[in-house]
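Numbering-wise, the sequence shown is residues -23 to -1, 1 to 136 according to mature numbering (1 follows the signal peptide of the UniProt record, and there is no 0).
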Amino acid sequence: MASSFWFGGLALILASSISPIVAESTPKEFVDAHNAVRANYGVGPVSWNTTLAADAQEFARTMIGTCEMVYSNGPYGENMALAYEKTTAELTVNYWASEKKFYEYKSNKCIEEECGHFRQVVWKDTTSIGCAEVECIKDYILTVCNYYPPGNYADQLPY
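Right, here's the structure in full:
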């Protein structure tokens, strides 16, 4: 069985033996997954913020029935992922982190593909996160994570 992640038109298939059940990642799982990636870049840890999580949940619920990958343009940094069947916080955050291969630190630019999700995960000034998962249509899980302070500014290095 496979778990698929979609960002715009890009699909990535991650092999797994996960049953088709809605994911219910815990705050600790999201925090641990983010902090594991952040530690690789010498960036401080993040903590869970219930306000950010509630905002992510409220926004994610607006996507039920459509699974549209449209960002909220809210006051926080934001990452989104769409998975088929089941996902975990670790899989989702690691997928965002996999965009590192498209990021060139020296020029502070994305090369060939998107790398903004990676940059937001490792953004040095971000200290808190809040995430939510919803089944937006049958068997599709939408994950939204909010970040404060927001990051991913084009004219600043992420770490």
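The C-beta atom is built at its ideal place from N, Cα and C for all residues, glycine as well.
Legend entry - Three-state class that DSSP yields for Ser75 in the structure shown: helix
Inset, instruction - Below 7 Å CB to CB, which residues in the same chain sit around Val20 once its five sequence neighbours on both sides are set aside? - result: Val99, Lys101 and Tyr136
Legend entry - Ile118, buried or exposed, once every other Cβ within 10 Å from all chains shown has been counted against 16: buried
Inset, instruction - With a 10 Å radius around its C-beta and 16 neighbouring C-beta atoms as the bar for buried, classify Leu68 as buried or exposed. - result: Taking a 10 Å sphere around the C-beta of Leu68, we find 16 or more other C-beta atoms and assign the residue as buried.
Inset, instruction - Have a look at the DSSP bridge pairing and note the partners of Val121. - result: When beta bridges are read from the DSSP output, Val121 appears opposite Met57 and Ala109.
Legend entry - Tyr82 versus Ala131 - alpha carbon distance: If I take the Cα positions, the gap works out to 12 Å.
Legend entry - Alpha carbon of Ile(-3) to alpha carbon of Phe7, nearest angstrom: Because Ile(-3) sits at a pLDDT of 39, beneath the cut-off of 50, its placement in the model cannot be relied upon, and the following sentence gives the value as read from the coordinates. Cα-Cα distance, rounded: 18 Å.
Legend entry - Thr27, enclosing alpha helix (DSSP H) - first and last residue: Thr27 to Arg38
Legend entry - Asn26 to Ala66 span [Cα, whole Å]: 16 Å
Inset, instruction - Please go through the same chain and pick out, in chain order, the residues whose beta-carbon is closer than 6 Å to the beta-carbon of Pro127, but skip the five residues on each side of it. - result: Tyr53 and Gly54
Legend entry - Among Ala60, Arg15, Leu29 and Gly51, the one whose alpha carbon lies nearest that of Val111: If we check each option's Cα against that of Val111, Ala60 comes out closest.
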